[in-house]
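Our numbering numbers the first residue of the sequence shown as 31 and each following residue consecutively.
Read through the structure below, which is laid out as structure tokens, and then see the notes.
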Amino acid sequence: MGRVGISMTDEESVCLSVQQKFQTLSGTVASFRIDAITAFVTHLSREKATQLIRQGRFKRYHTTIKTPSVLLQAGDVFSLQGYGKFRLDEVDGMTRKGRHHITILKYQ
């Protein structure tokens with residue numbers, strides 16, 4: 031335990047601001063299943079993305095998910111061990127071939 035105390039007065043203003051930086055990833059996916067989105071953000075095949083998920087490396091809101099067929103929604107925050115933390119930011123519509131256009135933010 032420290033022996034030095036601290037004191038603050040109202041005259042001292044404390045300004046704490048957090049500036050979160052993101053890298054924007056845009057593209058298309060076949061569905062909102064976590065295996066399709068994992069394959070998109072990792073640039074792996076869907077089969078290898080499924081292996082990552084079954085190994086317990088996918089977490090949505092700090093909860094491990096091992097089922098590749100779980101669907102994500104806009105606003106969901108997820109992380110992949112070894113790849114980073116992400117947020118499914120926007121679902122912008124569909125292409126002519128029926129794929130979903132998405133925007134994902136990667137936490138920096």
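No residue lacks a Cβ here, since even glycine has one placed at the ideal position from N, Cα and C.
Predicted, not measured: the structure shown is a model, and the values here were computed from it.
Exposed or buried, I64, counting other C-beta atoms within 10 Å across all chains shown (16 or more means buried)?
Looking at its Cβ environment, which holds 16 or more other Cβ atoms inside 10 Å, I64 is buried.
On the CB-based measure, 16 or more other CB atoms within 10 Å of its CB, does L46 come out buried or exposed?
Taking every protein chain shown into account, the CB of L46 has fewer than 16 other CB atoms within 10 angstroms, so this residue is exposed.
Rounded Cβ spacing between I134 and D122 (contact assumed at less than 8 Å)
The beta-carbon distance between I134 and D122, rounded to whole angstroms, is 11 Å. This is too long to meet the 8 Å contact definition.
Given R76 as reference, the closest of V59, R90, L55 once Cα atoms are compared:
For R76, the nearest C-alpha among the options comes from V59.
Compute the distance between the beta-carbons of R126 and D106, then report whether it is under 8 Å.
No, these two residues do not count as a Cβ contact at 8 Å.
For K89, three-class secondary structure by DSSP
Correct three-state label for K89: strand.
Are the CB atoms of F70 and K136 nearer to each other than 8 Å?
It is not a contact, given that the beta carbons lie outside the stated cut-off.
Please report the distance separating the alpha-carbon of G128 from that of S61.
Taking the straight line joining both Cα atoms gives about 9 Å.
Please report the distance separating the alpha-carbon of F88 from that of F108.
Cα to Cα, F88 sits roughly 7 Å from F108.
Three-state secondary structure (DSSP) of F62:
Per DSSP, reduced to three states, the secondary structure at F62 is coil, with no helix or strand assignment.
State the beta-bridge partners of F108 as determined by DSSP.
In the DSSP output, where bridge partners are listed per residue, F108 has R90, F116.
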